[in-house]
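Inspection log for the structure reproduced underneath, given as structure tokens.
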Amino acid sequence: MTMYSKKAKVFFSRKVIIVMLMTLLVTSCATDKYQARELPLLKHGYSKKNLTAYNIFGFCYDNTPSGIFNIIDKKPTEFLVNIYVGDNQGCKFIYTADTKGKQGEITQTGSFTAYLSGRNELLKLECKGKDSNIDYKVIAYANAIEYDRVGNLSYLVESGGL
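Here the sequence shown stands for residues -30 to -1, 1 to 132, where the numbers follow mature numbering (1 follows the signal peptide of the UniProt record, and there is no 0).
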């Protein structure tokens, strides 16, 4: 074995070890165990009379996460909500904006503070009109837990018109 081949083996073996360590480091950082919870869909439907489709997001009383309280409780839980809208024709999100029950609305990408209503509803997505539709992503934070929902709503699809 020549001196050159010994140096090459040492050099390449160090490179391989460094590459393996870097790969291990990167993959361990990229595969953490954090996962957001899905924001539950409580109810959905439509009204042919009013040409309206809706989705209601929130928590059932019997499986509300511990530490989450609605506006009827003494200390209601504050949610930081981020909504991303990709396409919107005639739809709006309705939410409880304060602890007294005042309602707010949002129709485009934005952030706001919301509370669970007395019926444990966080958001109502309402689309009005035959051609109404929306593509959206909701991310809500409460008590250091993230709740997500990605979807779309269309009056024609919900009513069976398509």
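Ideal placement from N, C-alpha and C gives every residue a C-beta, glycine not left out. For clarity, every value in this text was computed on a predicted model and none was experimentally measured.
Item: Quick test of the definition: if touching needs 3 or more C-beta pairs under 8 Å, does the stretch 35 to 42 touch the stretch 83 to 92?; Value: yes
Item: Only counting runs of 4 or more residues, tell me where the alpha helix (DSSP H) segments fall wholly within the stretch 69 to 131, in order along the chain.; Value: 125 to 129
Item: What whole-angstrom Cβ distance do residue 9 and residue 118 have, given they're in contact under 8 Å?; Value: 6 Å
Item: Do residue 62 and residue 79 count as a contact pair if the criterion is CB distance below 7 Å?; Value: no
Item: Residue 1 to residue 100, Cα distance in whole Å?; Value: At residue 1 the pLDDT is 49, less than 50, meaning the model places this residue with poor confidence and gives no usable figure here.
Item: Within the continuous beta strand (DSSP E) that includes residue 57, where are the two ends?; Value: 48 to 59
Item: Please name the residue or residues paired with residue 17 in a DSSP beta bridge.; Value: 22
Item: Return yes when the Cβ of residue 23 is within less than 7 Å of the Cβ of residue 97, no when it is not.; Value: yes
Item: In whole angstroms, give me the CA-to-CA distance for residue 37 and residue 113.; Value: 7 Å
Item: By how many angstroms is the C-alpha of residue 31 removed from the C-alpha of residue 46?; Value: 14 Å
Item: Just to confirm my understanding: we take residue 121, look at its own chain, exclude 5 residues before and 5 after, and list those with CB closer than 6 Å. What are they?; Value: none
Item: Rounded to whole angstroms, how far is the Cβ of residue 51 from the Cβ of residue 110, which I believe are closer than 8 Å?; Value: 5 Å
Item: Measuring alpha carbon to alpha carbon, tell me which of 18, 25, 17, 21 ends up nearest residue 123.; Value: 25
Item: Please state if the CB of residue 126 and the CB of residue 27 are separated by a distance shorter than 7 Å.; Value: no
Item: If you check the beta carbons only, do residue 59 and residue 103 fall under 7 Å apart?; Value: yes
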